[in-house]
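To start, the structure under review is shown below, and the notes come after it.
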Amino acid sequence: MTKVFIFSSLSLIFVGLFGVLTRKNIVKILIALNIIETGINMLLVAFGYIEGGITPILQSDLSIANLNKMVDPVPQALVLTSIVIGLGTTAFALSLAMRYKNTHNSVSIRAIDEEGVNI
Amino acid sequence: MIELLFIPLIATLFLAIFIKNKKVTWPLFLAVNGYVLYKLYSIYGMWSLSNKFDIGYEILGAKLTLGVSNNPIGWYFAFFSALITFIISIFSLGFNQKSKENVSVIWMLIIFSNLGIFFAQDWVIFFMMWEVMGWTSFFAITNARDKALDGAKYYLALSLIGASLMLIAISLLGAYTGTFAITPSIFGLIQVINSSNKIGIVILLLFLTTFLIKSAAFPFYMWPQKVYAEGPEDYITFMSSVMIKYGIYPMAIFIVPVVGSIDLPKILNTGNILQYVIGYIGAISAVLGTLLAIFQTDMKKLFAYSSVSNMGYILLGFASMTIVGFEGSLFHVVNHMILKAAIFLTLAAVVFRTGESEMHKLGGLVYRMPLTFMTFLLGIIAAAGIPPLNGFGSKWMIIQALMSRKMVVFAIAMIFASTGAFMYLFRALASIFLGQLPDRYKDVKEVPLTMALPMLIMMVLMLLVGVVPGVVMKPLTSALKAVGYNVEVASLTVLEGSLKNATIDLKIVFYMFVAGVIISAIMYLFGNKSETVPQNDNYTGGEYPEEWGVDADRFNYSYAFYQPFKEMFDPLLEAISIDDFFASVGRNFEYMSNEVQALFKRGEGAVLLFSIGVLLLILGGLII
Amino acid sequence: MNSIVFLVVIPLIAAFLSLFLESLNKATMYIVTLFNLIFSLAVLMSGNIPFNVAIGGYRAPFGINFVVTDITIYFLLLVNIAALISITMVKNIKEYQFYSFYFVLLAATNGMVLTGDMFNFYLFTELSTFAIAGLVAYKRDRLSTGAALKFLILSSTASLFSLASIGLIYKTLGTLNFADIAVKLSSLNQASFNLIVILFLSSMLVELKIFPFNLWVVKSYEGSITSVNMFTHGMLGTAGIYGAIRILLIVFPNMYKTNISTVLIILSFMTVLIGEVEALKEKNLVKVLAFSSMAQMGMFMFGLALGSFESIKGALYLVVSNYIAKMVMFIVTKQYSNAVDSKNYNDMKGLGRKYPLLAISFTIAALSLMGMPFFAGFWGKFSIVVSALATGKLASIGISLILIASVVEGVYYLRISHTFFSEKDVNNVNISRVYCLVPFVLAILILAIGIYPSYVEQVVFNIIDEIKNAPDKYINIILSLK
Amino acid sequence: MKDEKSLFINILALLILSFMAFYIYKVSIDTGDGIKITDNITPQKRVADRYLKKNVVDENSSYKFGQTAEDTSANIVTSVVVDYRLFDTTLEVIVLFVTILGFGFVIPKDKRRVLKPSVILHRWAPLLMILMFMIGGYMFINGHLSPGGGFPAGAIISTAILTGVLAGRKTVTHKTLKVVEAIAGISIFGIGIASYLIKGVFFQNFLTGDKIGDLFSGGLIPVFYGLIAFKVAAELSNIYFEFYEEC
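Protein chains in written order, with our numbering: chain A, 35 to 153; chain B, 41 to 664; chain C, 1098 to 1579; chain D, 416 to 662.
Here is the structure:
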């Protein structure tokens, strides 16, 4: 199972990278970035996964006895953080994109920054 | 010892503070130069003086100490540089009354670096002073005027390239010989080369290139004409007479001993390859400088090329690798300092009074500026190497040395260059001072006293050194003896050649010359008198070329003076011009610049480039 | 010394408070910056260095820790001094967001220098990225919006790479602590190590302005106000340099055994070439400075990529020189461009005659960047040249190219200072004399380091010593703490 | 946008990506010495082992369900997020803070047309909101026992506020949100500093002695989660308010 997880997350990353590299529309680029980010998050979780693992939540003494079978909690904690960062990036970049549309009258990343009046 | 360096540095600070007040700066400048001259005079013979500074910086695993020490050859250069500088600074006193800019601050800094170069004990401090000279010269040449910017940029680029090469050379030298000190590194480098290590030759060539750049020798002969044409005249006098010798000094103390004692394949049993390399560079510089000087219309450019050719003579003297040639070269250094200073002072005086440096627009100034004319006359006689004045002795020694080593090609080149020198020198004399005075210069007056005095001193110096070469040769030979060369201390008037029975007593030559002067004076007094007509009658046949929309100056006899000669040599000059190369480098840089700029302007391919960068790193990772 | 965490916490609290303080924000900014500066000075003076702080009471490989060693404290001081000097350029800014961004940036850069944990470092980097992006967008016009957006896209791509790298590190080594990673890396196989290094390095090079990664630099320098430029240069740049030194030299020293360092050498001298050639044609002074700072970082990276202690020493000297010199140049640029209301240096003619202190400071800074002797930059250039020539063929070619490029640098910088001094009537221009003093003092500092580098040498020696004896001086300090 | 069809860029990107993929494949099949990326490392060889065993401070300690331990959160992910690596979490809050701040800073404040909410939504919104508040509250209170925590809780609470806004109900003002955000943020660091004053160590979980599995266990974890929840809620709500502010 781990291999499937890793493979699928890697493909997500590559799809996203392809998008970032080829798209010119800023919104599409941001979507592609989000796809990469999802891929990376999945990858991190997959790194912590063990075959037939159980959730790292203690419910009774039984789960304490099964500590060895628990999946790694640290990647999950990291992913929690990275999700928030992704959210922040997206929000900030989208608002910048709105401002960009306002000033450049375009959402293409090829729009020239230098010339023209400041709006 | 150390105060010799510190006084100019402190003076720089004071000059900077009083920069707006010319009445303070130039006298102060003169005073400091006088002090330096006196101090140098007083430390003659004290070769053990030295100072070391520990700056706490470590390199190659050892603490770097910077040291300056009094050394004979350095003293020889420093003293005569200081002498000429002192005389020029008297001239500056009067010359700078009108000018808006004030070059004295930067100039003082250059004098500081000058002393540092001559008394450097190790290559690091030598390099530091060398670099200081590079950028300060930039500011001195531009002197805050835009028209001089191009020449100054050219000079700056060249000297920075030279300094970079030297930095590489010094680093290699330090790594391979384990020392940065100059004297031990000579022996170290000889050992490195003799153990058939190619890196030694590379080091030597890197050093040589740097020094050639500074001394305006063959591939780098373009900067003097660009710089001298636009820089402030009094500073240019200093530059052409003193600063251009900075490249010669390290050659004398480093290149010559090394090239003289390494085992390399010999050519025709006369000298090793490197000797011939230096020789050919010298010969080409001498010939090329002369040829180019002949074709110039700007007098400052003319004498710029004359400097190139004189540097060629000095290199030829080095190339002979005989003691007479070496002495001759070092003697020529001082001779050239004196005569170039004399000539450039007169040019500065002419520019001061007329504001013009194109020769065909001048003429007849002999009637208005007789003292300037006299100085110029003596200067060009000296430059042509005619006996009673100072250029003769050194050239004679160099040719003697070349002949004794059977380097006939070089001797021929040198004789050709010396002969060619007559052509341009006479042309300058005829165009500037002889002929007819243009109407616009009717009211030109002789220069004021502060400027006349240095010219007088120069005349005296030229005659003195010409007739009594001992005043220079004595310190020189004792300096060489102190360093360890096997030489006799020279007598006052007699020069020793290296061929059999080749000695020359300049006293006798002087007497003969005096007799000649007396005869020609008699001829002048009793001969026919000339008649004066207005200038335009003479060369436009009474017409007014302005009416046809043509500049009358073009019809002056001194415009395109040597046209046939020029047509003869033009193809050759075009073929060897290195300026196109530099220009094309510049163009390519600009082209590249445009391409990359487009990249940075958009910023759109940022991620693409990012991933290409990642790919490059991956390539590094794949090749384990 | 647990209180070292205040360096991060106080600015963050100030960031929250700045939402309400309105006109008091500027005073708070000075107070907080001064607090950080004085606190880090006190730490330097206290004599407790090196020490390790476990945040939350959990010891090093398990909890997050702040480490203060010689390298840390010097870079901490550099960051905070840069902050103090930069905020003197802040004027007439009403938006509270600017101050919040600044506080976050201050906390983030301090944190980047202090932290001993990979993921924590990543978070601080992200924080500083967002803060800088916000600050770059401060003008909210066409130029700055585009610049901020492009910077954000590039740096978030880069951060995803480094996140992947951190994930791989955790997967293979099972730890996130710098010291622990450094210890365990030796048991990792070469290919995996390369992948990790490549991913992490590529994200770090974005901040270090190395060529194919640096397309944000010029835009964001051009689009932002001077104080933000100084934040980018003095705070983010310095913290990035710290990251490079800490991570490349102490955590990933095995990188020097692979060809990645060779690629780094190539990339860095390409950066120098491109930066210098670009700057030659540029007329906009701010862009000239941006290109030149790229080139300087290339030179620094070259020294670092060579990997010998001699060259690292040179690189550190360059850091000091570039740090001070660029600061001077930004201040001078700001004063002059405000005076003539143009960023083209050809419009700034004659200003050097009326305000010579500024122009002289600029010239000194330029000469230092060119690596002229008697200025701080020379010692760096000298060390790097010496060690590059001893390293090998590629490095020798690289250093030759760099030296030729530095000729170009010399030409354009001295042309600019010549322009300052050339003649033009500038009577209607007014610059406060107080602002002339700061750059001049900094310029004197450059000169002092250039003439007598002993004090800097001591600092550099301590840093090199820590790199040389990383197991004793860094790793064991962290891992031995109970 | 025409440029998107650029074949050259597409092919270049494909080449780059295939090269990267090839490299990753190459790394994964490498047969060198030492640990490899493809190796299956169990948590027992990682720092996570100590988190699971809750013996970071004292190596030989062990714990039982219902007893006390060095960290009494039953959800071990939570114990990593809010205890062992608490500092990361506080920074993450700052990341959110700074990005939302930037969001509000650069977003163009032009006029937008607001649709009138439907009656159904307007009527039912309070009920929905109460439910959402309850779920959110449950989330952060139970974060140390079950999946959940401050961030999802904050998101849910902010959704409640969004619902209120969409329904045209009066919820909270922008100013209140700012105050909540700042107070929550400062309190997080305040507790950190308090821990320094009490224990001499920043961000230490200084409420100890409770038992694993209890509602009131995990020491400061519920407190932190509560603060984080309010802060996240305030910040996310801010986004909605930025859009509505100028209407």
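Don't be surprised by glycine CBs; every beta carbon is placed ideally from N, CA and C.
Next on the checklist: Beta-carbon within less than 6 Å of Ser-433(D)'s beta-carbon, same chain only, minus the 5 sequence neighbours each way: which residues are those?
Outcome noted: none
Checklist entry - Cβ atoms of Phe-1113(C) and Ala-597(D): under 8 Å apart, would you say? => result yes
Checklist entry - When the Cβ atoms of the stretch 39-58 of chain A are set against those of the stretch 99-109 of chain A, are three or more pairs found closer than 8 Å? => result no
Checklist entry - For the putative contact between Gly-329(B) and Gly-357(B), defined by C-beta atoms under 8 Å, what is the C-beta separation to the nearest angstrom? => result Gly-329(B) to Gly-357(B), Cβ: 15 Å. No contact.
Checklist entry - Where are the alpha helix (DSSP H) runs, 4 residues long or more, that stay fully inside the stretch 222-264 of chain B, in chain order? => result Whole alpha helix (DSSP H) segments, 4+ residues: 222-234, 238-254.
Next on the checklist: I need the boundaries of the beta strand (DSSP E) containing Leu-106(B), first residue and last residue.
Outcome noted: 102-109
Checklist entry - Could one say the Cβ of Thr-1222(C) lies closer than 8 Å to chain D's Cβ atoms, at least one of them? => result no
Checklist entry - Within 10 angstroms of its Cβ, does Ala-71(B) collect 16 or more other Cβ (buried), or is it exposed? => result Counting the other CB atoms within 10 Å of its CB gives Ala-71(B) a total below 16, which places it among the exposed residues.
Checklist entry - Considering only residues of the same chain and omitting the five flanking positions on each side of Phe-621(D), which have a CB-CB separation below 6 Å? => result So the qualifying residues of the chain are Ser-610, Ile-613, Lys-614.
Checklist entry - Any C-beta of chain C sitting closer than 8 Å to the C-beta of Ala-125(A)? => result no
Next on the checklist: Taking 7 Å as the limit between beta carbons, can you name the residues of its chain near Leu-304(B), skipping five residues before and five after?
Outcome noted: Asn-312, Ile-313, Leu-314
Item to check | alpha helix (DSSP H) segment containing Glu-1563(C), residue limits | outcome: 1551-1565
Checklist entry - Relative to the C-alpha of Gly-607(D), which residue among Val-529(D), Pro-562(D), Leu-501(D) is closest? => result Leu-501(D)
Next on the checklist: List, in chain order, every chain B residue whose beta-carbon is nearer than 8 Å to that of Val-1360(C).
Outcome noted: The contacting residues are Leu-656, Leu-657, Leu-659, Gly-660.
Next on the checklist: With distance defined between alpha-carbon atoms, name the residue in Arg-1156(C), Gly-1208(C), Gly-1160(C) nearest to Asn-1177(C).
Outcome noted: Gly-1208(C)
Item to check | Of the listed residues Lys-1431(C), Lys-1446(C), Asn-1419(C), Ile-1481(C), nearest to Ile-1461(C) (C-alpha basis) | outcome: Asn-1419(C)
Checklist entry - Taking any Cβ of chain C, which residues in the stretch 463-476 of chain D have a Cβ under 9 Å from it, in chain order? => result Within the stretch 463-476 of chain D, Ala-463, Asp-464, Arg-465, Tyr-466, Val-471, Val-472 place their CB atoms closer than 9 Å to a CB of chain C, listed in sequence order.
Next on the checklist: Distance check for Leu-1539(C) and Leu-1312(C), CA to CA, integer angstroms please.
Outcome noted: 29 Å
Checklist entry - If you drop the 5 nearest sequence neighbours on each side, which residues of the same chain put their C-beta closer than 7 Å to that of Ala-522(B)? => result Trp-87, Pro-112
Next on the checklist: 8 Å is my cut-off, CB to CB: does Gln-482(D) come that close to chain C?
Outcome noted: False, the Cβ-Cβ gap to chain C never drops below 8 Å.
Checklist entry - Does the beta carbon of Glu-507(D) come closer than 8 Å to any beta carbon on chain A? => result yes
Item to check | Assigned secondary structure, Val-1325(C) (DSSP; H/G/I helix, E/B strand, else coil) | outcome: helix
Checklist entry - Residues in its own chain within less than 8 Å of Met-173(B) by CB, not counting five upstream and five downstream? => result Ile-150, Ser-153, Asn-154, Ile-157, Ser-199, Met-283, Tyr-286
Checklist entry - Can you give the Cα-Cα distance for Phe-371(B) and Leu-516(B), rounded to whole angstroms? => result 8 Å
Checklist entry - DSSP three-state call for Phe-1308(C): helix, strand or coil? => result helix
Next on the checklist: Quick check for students: name the residue ranges of the alpha helix (DSSP H) that lie wholly in the stretch 351-399 of chain B, counting only runs of 4 or more.
Outcome noted: 363-394
Checklist entry - Can you name the residues that DSSP bridges to Ser-1163(C)? => result The question names Ser, but residue 1163(C) in the sequence shown is Phe. Per DSSP, Val-1150(C), Thr-1212(C).
Checklist entry - Residue range of the alpha helix (DSSP H) that Gly-552(D) falls in? => result Start and end: 534-556.
Checklist entry - Among Phe-520(D), Tyr-438(D), Lys-593(D), Pro-541(D), which one has its Cα closest to the Cα of Thr-578(D)? => result Pro-541(D)
Checklist entry - Does the beta carbon of Ser-1259(C) sit closer than 8 Å to a beta carbon anywhere in chain A? => result no
Checklist entry - Can you list, in chain order, the residues of the stretch 1366-1386 of chain C whose Cβ is nearer than 7 Å to any Cβ on chain B? => result For the stretch 1366-1386 of chain C, which is checked against every Cβ of chain B, the residues closer than 7 Å are Ile-1371, Val-1374, Glu-1375, Leu-1377, Lys-1378.
Checklist entry - So Lys-92(B) is in the beta strand (DSSP E); what residue range does that whole segment cover? => result 90-99
Next on the checklist: Below 8 Å on C-beta distance, what does Ile-652(B) contact in chain D?
Outcome noted: Ile-431
Item to check | CB contact below 8 Å: Tyr-78(B) versus chain C | outcome: It does not; no Cβ of chain C falls within 8 Å.
Next on the checklist: Can you give me the C-alpha to C-alpha distance between Glu-82(B) and Ser-90(B), rounded to a whole angstrom?
Outcome noted: In the sequence on display, residue 82(B) carries Ser and not Glu. Cα to Cα, the separation comes out at about 15 Å.
Next on the checklist: Against Glu-614(B), what residues of chain A qualify as contacts under a CB-to-CB distance less than 8 Å, listed in chain order?
Outcome noted: Per Cβ cutoff of 8 Å: no residues; Glu-614(B) is ~43 Å from chain A at best.
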